[in-house]
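Right, one structure below, let's go through it.
Number of protein chains: 2
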Amino acid sequence: MPPAAPPRLRIRIVFDEARFFGPGKADLLAGIARTGSIAAAGRDMGMSYKRAWDLVQAMNAMFASPLVAMARGGAKGGGATLTSEGERVLALYHLVQDAALDAGGAALQELSAKLSDI
Amino acid sequence: MPPAAPPRLRIRIVFDEARFFGPGKADLLAGIARTGSIAAAGRDMGMSYKRAWDLVQAMNAMFASPLVAMARGGAKGGGATLTSEGERVLALYHLVQDAALDAGGAALQELSAKLSDI
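Residue numbers (the working numbering), protein chains in the order written: chain A, 1 to 118; chain B, 1001 to 1118.
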């Protein structure tokens, strides 16, 4: 039987050979917005602190304005927040995702209906 | 400077926990349609024969009707072709991709414009 839930889309936006933005970066930004911490956001995704930190550095370098702002100080080295540019980039990614689900809805439904019974 | 070319999208359609269809499967189907051979299609993607064969088996099991038909015989074990269901699934995947690029165009353009100079 085809699955009851409509399919989800995982979209990677490929700007050029070296620069892309996909679900991992989007989820990390969302996690930083939610937790106020790169470490906590990475942990929620099962990601090492180094991996989360590297992704944040890559995102900040990739865009003209940084997406994540780091606050210094405190026992844990301070928190992190999204800049307004970070919030906008995350919102734009979700806009692309929603537009794709919406505009591709009929094709996705036809694909789902072709799945085998499980 | 933002890249001159518009961004591309790599879309993975996630039907449920175990079943998805993304650029790898789509490119393999397109390669089989072009070359008439699973081995040749895989080779064009830098994929081992085993990997290409496993992907074809997974696709054929995932949908109610097989996407790839294998012909037996001949020194190389016969060729492979897309069934009409395979052609339709590939066309639907491209429809989703085109719809996403079109509907998400404004957001993608805004994202591109935010990239740093390189």
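In this text, a Cβ means the ideal position worked out from N, Cα and C, and glycines have one as well. Since this is a predicted model, take the numbers as computed values, not measurements.
Tell me residue 32/A's beta-bridge partners as DSSP assigns them. Here residue 32/A corresponds to residue number 32 of the first sequence, with the count starting at 1. DSSP, once it has assigned bridges, lists no residue as partnering residue 32/A.
In three-state terms, what does DSSP make of residue 91/A? Taking the first sequence and counting its residues from 1, one reaches residue 91/A at position 91. Helix.
Simplified DSSP state of residue 70/A, which is helix, strand or coil: Position 70 of the first sequence, counted from the first residue, corresponds to residue 70/A. Secondary structure of residue 70/A (DSSP, three-state): strand.
CB residue 11/A to CB residue 106/A, shorter than 9 Å? Against the first sequence, residue 11/A aligns to sequence position 11. Against the first sequence, residue 106/A aligns to sequence position 106. No, the pair does not count as a contact, with Cβ atoms beyond the cut-off.
Counting Cβ pairs, one atom from each stretch, are 3 or more of them under 8 Å apart for the stretch 89 to 100 of chain A and the stretch 20 to 36 of chain A? yes
At a Cβ threshold of 9 Å, is residue 116/A touching chain B? As a first step, residue 116/A must be located in the first sequence, where it is residue number 116. At least one chain B Cβ lies under 9 Å of residue 116/A.
Assign residue 1080/B to one of three DSSP states: helix, strand, or coil. The residue labelled residue 1080/B in the question sits at position 80 within the second sequence. Three-state result, residue 1080/B: strand.
Nearest-angstrom Cα separation, counted from residue 18/A out to residue 43/A: Residue numbering aside, residue 43/A sits at position 43 when the first sequence is read from its first letter. Residue numbering aside, residue 18/A sits at position 18 when the first sequence is read from its first letter. Within the model, the alpha-carbon separation for residue 43/A versus residue 18/A is close to 26 Å.
What's the C-alpha gap between residue 1015/B and residue 72/A? The count along the second sequence starts at 1 and reaches residue 1015/B at position 15. The count along the first sequence starts at 1 and reaches residue 72/A at position 72. Computed Cα separation, rounded: 43 Å.
By the 10 Å Cβ neighbour count, where 16 or more other Cβ atoms means buried, how is residue 37/A classified, buried or exposed? Indexing the first sequence from 1 puts residue 37/A at position 37. Label assigned to residue 37/A: buried.
Classification of residue 1046/B by the beta-carbon crowding that lies within 10 angstroms, buried from 16 upward: Your numbering for residue 1046/B matches position 46 in the second sequence. Counting Cβ neighbours within 10 Å, residue 1046/B comes out exposed, since fewer than 16 surround it.
Using the Cα positions of residue 1049/B and residue 35/A, report the straight-line distance between them to the nearest angstrom. Along the second sequence, read from residue 1 onward, the residue named residue 1049/B stands at position 49. Along the first sequence, read from residue 1 onward, the residue named residue 35/A stands at position 35. Near 45 Å, if we compare the C-alpha coordinates of residue 35/A and residue 1049/B.
At a Cβ cut of 9 Å, what residues of the stretch 1079 to 1092 of chain B count as close to chain A, listed as they run along the chain? 1085, 1088, 1089, 1091, 1092
Residue 1118/B - DSSP class collapsed to helix/strand/coil: Translated into the one-based positions of the second sequence, residue 1118/B becomes position 118. Correct three-state label for residue 1118/B: coil.
Can a CB atom of chain B be found closer than 9 Å to the CB of residue 14/A? Here residue 14/A refers to the residue found at position 14 when the first sequence is read from its first residue. Closer than 9 Å: yes.
Could one say the Cβ of residue 1058/B lies closer than 9 Å to chain A's Cβ atoms, at least one of them? Position 58 of the second sequence, counted from the first residue, corresponds to residue 1058/B. By this cut-off, residue 1058/B is not an interface position.
Does the Cβ-Cβ distance between residue 1061/B and residue 112/A come in under 9 Å? For the purposes of this step, residue 1061/B is taken as residue 61 along the second sequence, with counting starting at 1. For the purposes of this step, residue 112/A is taken as residue 112 along the first sequence, with counting starting at 1. The answer is no: Cβ separation not under 9 Å.
Under 8 Å by Cβ, that's how I've got residue 68/A and residue 80/A pegged, so tell me the actual separation to the nearest angstrom. On the first sequence, position 68 is the one that residue 68/A refers to. On the first sequence, position 80 is the one that residue 80/A refers to. The pair is a contact, with the Cβ atoms about 5 Å apart (cut-off 8 Å).
Compute the Euclidean distance between the alpha carbons of residue 8/A and residue 1013/B, then round it to the nearest angstrom. On the first sequence, position 8 is the one that residue 8/A refers to. On the second sequence, position 13 is the one that residue 1013/B refers to. Taking the straight line joining both Cα atoms gives about 6 Å.
Count the other C-beta atoms from every protein chain shown that fall within 10 angstroms of the C-beta of residue 74/A, then say buried if there are 16 or more, exposed otherwise. For the purposes of this step, residue 74/A is taken as residue 74 along the first sequence, with counting starting at 1. Only weak support is given to the placement of residue 74/A: the predicted model assigns it a pLDDT of 47, under 50, and the question is left unresolved by the model.
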